[in-house]
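Chemist: Structure incoming, see below.
Protein chains: 6
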Amino acid sequence: MADAYAGKFLKATFPTQHVLLLEFNRPPVNAFHEEFWLEMGAIFRKVDRDGDIRVVVLASALPKLFTAGIDITALGKFDPKEEPVARGFRTRVYIQEFQAAISAIEECRVPVIGSSHGVAYGLAIDILSACDIRLAAANSIFSIKEVDVGLAADIGTLARFPKIIGNQSLTRELAFSTRPFKADEAHQMGFVSRVVPGSREEVVKAAVELATVIASKSPVAVVGTKHLLLHSRDNPVRDNLSYTATWNQLALQTPDLPIAAGSALTKKTPQFRSLPKL
Amino acid sequence: MADAYAGKFLKATFPTQHVLLLEFNRPPVNAFHEEFWLEMGAIFRKVDRDGDIRVVVLASALPKLFTAGIDITALGKFDPKEEPVARGFRTRVYIQEFQAAISAIEECRVPVIGSSHGVAYGLAIDILSACDIRLAAANSIFSIKEVDVGLAADIGTLARFPKIIGNQSLTRELAFSTRPFKADEAHQMGFVSRVVPGSREEVVKAAVELATVIASKSPVAVVGTKHLLLHSRDNPVRDNLSYTATWNQLALQTPDLPIAAGSALTKKTPQFRSLPKL
Amino acid sequence: MADAYAGKFLKATFPTQHVLLLEFNRPPVNAFHEEFWLEMGAIFRKVDRDGDIRVVVLASALPKLFTAGIDITALGKFDPKEEPVARGFRTRVYIQEFQAAISAIEECRVPVIGSSHGVAYGLAIDILSACDIRLAAANSIFSIKEVDVGLAADIGTLARFPKIIGNQSLTRELAFSTRPFKADEAHQMGFVSRVVPGSREEVVKAAVELATVIASKSPVAVVGTKHLLLHSRDNPVRDNLSYTATWNQLALQTPDLPIAAGSALTKKTPQFRSLPKL
Amino acid sequence: MADAYAGKFLKATFPTQHVLLLEFNRPPVNAFHEEFWLEMGAIFRKVDRDGDIRVVVLASALPKLFTAGIDITALGKFDPKEEPVARGFRTRVYIQEFQAAISAIEECRVPVIGSSHGVAYGLAIDILSACDIRLAAANSIFSIKEVDVGLAADIGTLARFPKIIGNQSLTRELAFSTRPFKADEAHQMGFVSRVVPGSREEVVKAAVELATVIASKSPVAVVGTKHLLLHSRDNPVRDNLSYTATWNQLALQTPDLPIAAGSALTKKTPQFRSLPKL
Amino acid sequence: MADAYAGKFLKATFPTQHVLLLEFNRPPVNAFHEEFWLEMGAIFRKVDRDGDIRVVVLASALPKLFTAGIDITALGKFDPKEEPVARGFRTRVYIQEFQAAISAIEECRVPVIGSSHGVAYGLAIDILSACDIRLAAANSIFSIKEVDVGLAADIGTLARFPKIIGNQSLTRELAFSTRPFKADEAHQMGFVSRVVPGSREEVVKAAVELATVIASKSPVAVVGTKHLLLHSRDNPVRDNLSYTATWNQLALQTPDLPIAAGSALTKKTPQFRSLPKL
Amino acid sequence: MADAYAGKFLKATFPTQHVLLLEFNRPPVNAFHEEFWLEMGAIFRKVDRDGDIRVVVLASALPKLFTAGIDITALGKFDPKEEPVARGFRTRVYIQEFQAAISAIEECRVPVIGSSHGVAYGLAIDILSACDIRLAAANSIFSIKEVDVGLAADIGTLARFPKIIGNQSLTRELAFSTRPFKADEAHQMGFVSRVVPGSREEVVKAAVELATVIASKSPVAVVGTKHLLLHSRDNPVRDNLSYTATWNQLALQTPDLPIAAGSALTKKTPQFRSLPKL
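Chains as they are written, first to last, in this note's numbering: chain A, 1 to 278; chain B, 1 to 278; chain C, 1 to 278; chain D, 1 to 278; chain E, 1 to 278; chain F, 1 to 278.
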């Protein structure tokens, strides 16, 4: 069944029940070209509709690194001799489709935990920023690298990163200078929730453990929490409160509520129903 | 006079001039049921109109904890056999009135300092998030607990918590997993301004001291600062600057300005007029 | 050429290529009166149109401090006996012009690095908050001081500071109480990116070094990154992604892209064209 | 039962099933003072929670006019010798409570039809603008009168009127000049849906007939339509579509849907359940 | 080539150069079921990427009517016995996909002219509202019909219709009461730009003529105008001005500008290049 | 004194007290080049700060027409051989300065009445749309002409026109097709408030009469009304109500209020104080 979520560049396994582990697998450095990111977007859209998957862990299958970022050949898509407006219009659509592939992580209804180790440069930050939670192996090293290839990061880093870490001074320093930063600094600024000693193996293990905890909770509650936190990020408090009331006028009718209440009394682990397939 | 602000579940005292100390008092665990939160909301609306109270400290009178959260019986209000739309419409109003009781803390014109110790779970986070400043006793332990009872937190945590700590990775981890976190972690993520060694007594003392400092400042300046910071949280910089100019076209006419200037010269403590009763 | 950017109260030099160092120079304490802030605003508007300047470092020329804040005489501009509405309307315009002078830092297309040492009180925070990156000498001491003179900070601190540090609890405590905070706390909360051991000389040196790194990058990429991060701060993720695609439909046509790609292959330092004069 | 919705200045009757007719009744000119508007606000909040009332018609019981507007004595509430900031703070709360009384019309979940005849000046426009639909007797005469008493309309006209008529040129002319306009012009500009020949009696009859039609429809559908149209007025299209999907994920589960479908087949008038009491 | 844009329920022809005529063709009443609307959405997404099509006319191939609205069977998709939350979640996705099919009209970069005749009920209004311009045959009859089937219109009417006609009084009357309205009233309220005497044949002819005029203009200018008007509808004036400057920093580099200028001098019809394929 | 407001291309007179008549005067067709629009912007910024001018009438001094629009030579400013990004960045600033000159009309605190006759094409619509009220001589003819020169209108028409007329169908038809429309159609769609029989002389006379009426009202009330209506156009109802309360907490302290009340009793024309100079 995991095969249904695998691709040419992504491995898929179920390390624990309801937890899907997706791993980038394009040696030697997981460089992203168009085919790769479109595949990733499509898989997350598929996960979104599945009901059994409750949490995704997104990691790299390569022992040395998460991803070195975009495949430089993907930047040279457009003919520099073309008339600027036509070239620009086609560039815009290309960017939007690229953005959509990354935003599919955010739009996937279940939580996605990004698990990084080694080099995580450029597009790595765009991808990790679209995850809900980030864990980093101690050997992780990050860089908002886009300025070094002559462009402003347009696939999500500038949109999401400052809202994740809540630190404009550091965001701008890192984005202007492309200075690499390590796991500890990433933790201190709030980019990652936790630093896991070790490398790939250890951080994936920790991410799967966290995912397993989340997967044991009421799926209706978890999915609603992700949905409402995304609304909260992009809206004033008052509007979010009002939206939340509208969301919960239905969600509070879930059978998960009495199940959770019952298990609290009996001290047994509650067994929740899976989400509906969409 | 403090009695005017007391209730069935809330004690009210004036530890120092212009500082109101409100303490939850529903043994054994300050569990919140509808009567409790409506009472709290009403008291804050009353404080808002008073002119003499300049700062509120919100704490628990129970030696062991802040609050264990919602009284589980308050969740079972609606008949699961009722037709879903009717049930949903009534749920929505119930949520909105609940939200309004908590938002009364935020809408109260003077600063509110939340002072926590021991367990502060579930609704505790919603309440503390509506305060302006939070101090924590070293023995505090927090949890965004709602997912464990099968629901997405709808009374303010999802709306306010991420904007307080500015850390989306941690917000989501805590909200999805309900992992408890201690005072030090709360401080590091920015949920509380300071950790006070000890428990209830020590943190309340520290909160009252901070409140006393703030109460010595120009009330017009403090009230305006709270008002404008709330606007700032929910609006773009440009709109906030414009709104601020409109606010201060009146507020700068306060006699507090020459009083403050005068006391700067004479090195005496300035004595400011109280706010108008509303 | 640096003289073109100097003023009566601001020194201007070019410590390294493309890096402009502006230094406040109104002894004894760099107190800001109207003439001073209007001059500063005008200089930043001039920098914005220059093409050769790629980064600005904003510091103080006085060895002891950054700035003690507003010149108290600038507060007494209006006649308290004037009819309140007329007085208010004129106050509003006065505030808006003051805000515009500070916002000129933010609106300047190239990055501005604030470099502080010693006392940085009141208006210092408004000014530093309008910078992109902040470095602090270890002897820096900050205070959101406005409440002490009887007013709510209206020149940018309340609008920008909480969005820089992403910590509402601390923002409000500092703004209500005017409590001074030192370099280390400023770093921990995210107000400054780094603490530099020493005082004026050391921090200016560090700021110029960082500026020099940034000045070596593609100016089109850096300018776009600043522009898009400001948009990101004030807009939802989805709108920012869409705006970014529209911005980059042109910006990706820059010759800096092939230059950067070429230098990546040849391992030579890329030489980018300056921005167009405006 | 109608008495439950009557007040000292408002008559209440049920001309047809589920239709509440509220009539202003403060001779000689329905001048509004604080007691009057607070009473009106309270009644609408009560209607909002009732389940049996499906439409409200808001009219005047006086044969000659709708209302001449605010009772001039209500403007002189504040002491001109009071210190401006204190006076201003109290004025602000007074305005907000006044606004809340008028907004109660808009916030009432069922549609409100404003039925005007004769003079409808000043506050009359604020009140009518908060209604969902407006009908006018041919002898109606309107004026945005506030400028003539020295103030900018602050109880809703400036917020709602331009969004009702979608004509900025006329809105501003009428608001700046206070020029009275008659029923036909009001119809042409879109302020009223229809002009009814005659005066009070005729227009109330027409309003009740329209109300009766609406009251025969699915209350869940009508209430949802009002709710979503208010959201639509204040939000971008994309956000409204998303909110609508969230609203209807519950609302489409109403038994009114199969009832409506069934009656379409049987050609019988559908009988819908009333809304839940809140 | 027109066949590339035809479908099972939509006819496609090119009545004049660069003008695509799409006609609903599902006798007897163009009732929309899921297959139909998904097909329509897919075709508009295809048109969006074509470069040669400059305007679309959307009409009905049936001589008697535009469309009677949704196929009632499409409403009964969900099992009423299913648990409400699961049912709701699946309903929400169903609505969103339905909305996306209609929004594809709006998101198609070239103008779409809706051409209606005869009955245009329910979904007809959602579809026409997503068009840029509407023409109506004199025999057209419209109704916002959704309330009669027990639901609030959720596919676009409530989001777009009030912003098209700029008349809240009429919008709400029509939406609450489902009252049918004829071509002349539709014209007077601004829903349609023009009433064409006659029926299907005449209005399609008029729409194609208007389309042909638009197709003769600079495609870059027309596409930009549509894009910026959609932005204008959903954003404040200041933000739209700023966005427009960013859009036109590229778009003004089009060769269409000198072509248009040249043809103005030579009085010859300008020949513009087609848009780039996407 | 009127000379202070005149320019090389604008005549200035005071036809009645407090009313400034500004007339475009660049024969033969009032074609706008950069010098012309910058001059106009500067004059409106000057008017904004004057206290005696209460209303502006903006018209053309040429007997035949309002303006034929932009001087075509102003479009050819940029070198088509320049590198696209540099060219684009300079274009953007050029547009923004142009926009600012037109927005100065809107930002001028007193009402501006646009008075058109004869041809009013292209930029004429941008300018008239920035006015508060528009009157048209019967011989007026309008066109949103920009598409005919190969560009999307970027100086204000697309931002303001649809919000003035509240009719998206017509806005788009006119903007895509450049179809000219006459005074009567302009009136019917709400672009102008009134059609005045005749040409230049008659419409200017009517505009001055209307201006004179407005100039007799309380300047504080009129200026506040303009300010709040602009806020209302760009913000949700709830936010506008809140902003209005903040504005009026000061503005209601104007001496104009008792003056207006007094004159209502004595039936004498009230004499209001002028606004403060800024």
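All residues carry an ideal CB built from backbone N, CA and C; glycine is no exception.
Quick one: is F:SER274 buried, meaning 16 or more other Cβ sit within 10 Å of its Cβ, or exposed?
Modeler: Its Cβ having fewer than 16 others within 10 Å, F:SER274 is exposed.
Chemist: Tell me E:VAL56's beta-bridge partners as DSSP assigns them.
Modeler: According to DSSP, E:VAL56 bridges with E:LEU20, E:VAL112.
Chemist: Would you say E:GLN188 lies against chain A (beta-carbon separation less than 7 angstroms)?
Modeler: No, because no Cβ of chain A sits closer than 7 angstroms to the Cβ of E:GLN188.
Chemist: Would a C-beta distance cut-off of 7 angstroms place A:VAL47 and A:ALA211 closer than the cut-off?
Modeler: The answer is no: Cβ separation not under 7 angstroms.
Chemist: May I ask you to report which of helix, strand or coil DSSP gives D:THR73?
Modeler: DSSP places D:THR73 in helix when its eight states are reduced to three.
Chemist: Check each candidate in E:SER103, E:PRO28, E:GLY7 and name the one with the smallest Cα separation from E:LEU22.
Modeler: Residue E:GLY7 is the option with its Cα nearest to E:LEU22.
Chemist: With a threshold of 8 angstroms, are at least 3 pairs of Cβ atoms found where one atom belongs to the segment 117-134 of chain B and the other to the segment 62-69 of chain B?
Modeler: They touch, by the three-pair rule.
Chemist: By a C-beta neighbour count over all protein chains shown, 10 Å radius and 16 as the cutoff for buried, is D:ASP79 buried or exposed?
Modeler: D:ASP79 is exposed by the Cβ-count criterion.
Chemist: At least one CB of chain C closer than 7 angstroms to the CB of B:LEU241: is that the case?
Modeler: True, the Cβ-Cβ gap to chain C drops below 7 angstroms.
Chemist: Give the DSSP bridge partners of D:ILE102, in chain order.
Modeler: Note: D:ILE102 sits in no beta bridge, so no partner.
Chemist: So is A:TRP37 in contact with chain D if we call contact Cβ pairs under 7 angstroms?
Modeler: Answer no: the Cβ-Cβ gap between A:TRP37 and chain D never drops below 7 angstroms.
Chemist: Could you tell me which residues DSSP pairs with C:ILE127 in its beta bridges?
Modeler: DSSP output for C:ILE127 lists no bridge partner at all.
Chemist: So, B:ALA136 versus B:VAL195, is the Cβ gap smaller than 7 angstroms?
Modeler: Contact flag set, yes.
Chemist: Would D:PRO28 pass as an interface residue toward chain F - the criterion being a Cβ-Cβ separation below 7 angstroms?
Modeler: So no, D:PRO28 is outside the interface.
Chemist: With B:LEU278 as the anchor, note down where its alpha helix (DSSP H) starts and where it stops.
Modeler: Unbroken run through B:LEU278: none, as it is neither H nor E.
Chemist: Mind checking who A:SER199 pairs with in its DSSP beta bridge?
Modeler: For A:SER199, which the question treats as bridged, DSSP gives no partner whatsoever.
Chemist: In chain B, what lies closer than 8 angstroms to A:ALA251 by C-beta?
Modeler: By Cβ distance, chain B contributes LEU151, ALA152.
Chemist: Check the Cβ-Cβ distances between E:THR246 and every residue of chain C, and say whether any is below 7 angstroms.
Modeler: Chain C contact via Cβ: present.
Chemist: Which word fits B:GLY262, buried or exposed, when buried means at least 16 other C-beta atoms lie within 10 angstroms of its C-beta?
Modeler: B:GLY262 should be labelled exposed.
Chemist: Who does C:SER143 pair with in a DSSP beta bridge?
Modeler: Answer is C:TYR121, bridged to C:SER143.
Chemist: Indicate the three-state DSSP secondary structure (helix, strand or coil) for B:LEU62 in the structure shown.
Modeler: Three-state DSSP puts B:LEU62 in coil, outside helix and strand.
Chemist: Which residues in the same chain have their Cβ closer than 7 angstroms to the Cβ of C:ASP50, if we skip the five residues on either side of it in sequence?
Modeler: LYS277.
Chemist: Let me make sure I understand the geometry here. Which of D:ALA138, D:PRO180, D:ILE133 has the alpha-carbon closest to that of D:VAL57?
Modeler: When only C-alpha atoms are compared, the closest one is D:ILE133.
Chemist: Counting only the same chain and skipping the five closest in sequence on each side, list residues whose C-beta sits under 7 angstroms from that of C:PRO197.
Modeler: If we look at C:PRO197 and ignore the five residues flanking it on each side, its Cβ neighbours are ALA138.
Chemist: Taking 8 angstroms as the threshold, find out whether the segment 26-36 of chain B comes into contact with the segment 218-234 of chain B through three or more Cβ pairs.
Modeler: Not touching, per the Cβ criterion.
Chemist: Assign C:LEU252 to one of three DSSP states: helix, strand, or coil.
Modeler: The answer is coil: DSSP assigns C:LEU252 none of H, G, I, E or B.
Chemist: In this structure, how does DSSP classify B:LYS267 when only helix, strand and coil are distinguished?
Modeler: Residue state, collapsed to three classes: coil.
Chemist: At 7 angstroms on the CB atoms, spell out the chain B contacts of C:GLU160, in chain order.
Modeler: First, the residue type needs correcting, since residue 160 of chain C is Arg and not Glu in the sequence shown. What C:ARG160 touches in chain B: VAL237.
Chemist: For the beta strand (DSSP E) that contains D:LEU135, what are its first and last residues?
Modeler: Unbroken beta strand (DSSP E) run through D:LEU135: 133-137.
Chemist: Roughly how many angstroms lie between the CA atoms of B:LYS171 and B:ALA153, to the nearest whole one?
Modeler: According to the sequence shown, residue 171 of chain B is Thr rather than Lys. The alpha-carbon atoms of B:THR171 and B:ALA153 are separated by roughly 12 angstroms.
Chemist: Using a Cβ-Cβ cutoff of 8 angstroms, what residues of the segment 207-219 of chain D are near chain F? List them in chain order.
Modeler: Cβ contacts with chain F come from no residue of the segment 207-219 of chain D.
Chemist: What residue from C:PHE9, C:VAL112, C:SER177 has the CA that sits closest to C:SER143's CA?
Modeler: Nearest option by C-alpha distance: C:SER177.
Chemist: Measuring alpha carbon to alpha carbon, tell me which of D:LEU10, D:PHE89, D:CYS108 ends up nearest D:SER303.
Modeler: Here chain D comprises residues numbered 1 to 278, so residue 303 of chain D is not present and cannot be evaluated.
Chemist: Give me the chain B residues within the contact set of A:ILE133, using Cβ-Cβ distance strictly less than 7 angstroms, ordered along the chain.
Modeler: Ordered by position in chain B, the residues that pass the 7 angstroms Cβ test against A:ILE133 are SER169, ARG172, GLU173.
Chemist: For D:ASP71, which of D:TYR121, D:THR91, D:GLN96, D:VAL112 has the nearest alpha-carbon?
Modeler: The residue with the shortest Cα to Cα distance from D:ASP71 is D:TYR121.
Chemist: Using a 10 Å radius around the Cβ and a threshold of 16 neighbouring Cβ atoms, would you call D:ASP3 buried or exposed?
Modeler: With fewer than 16 Cβ atoms within 10 Å of its Cβ, D:ASP3 is classed as exposed.
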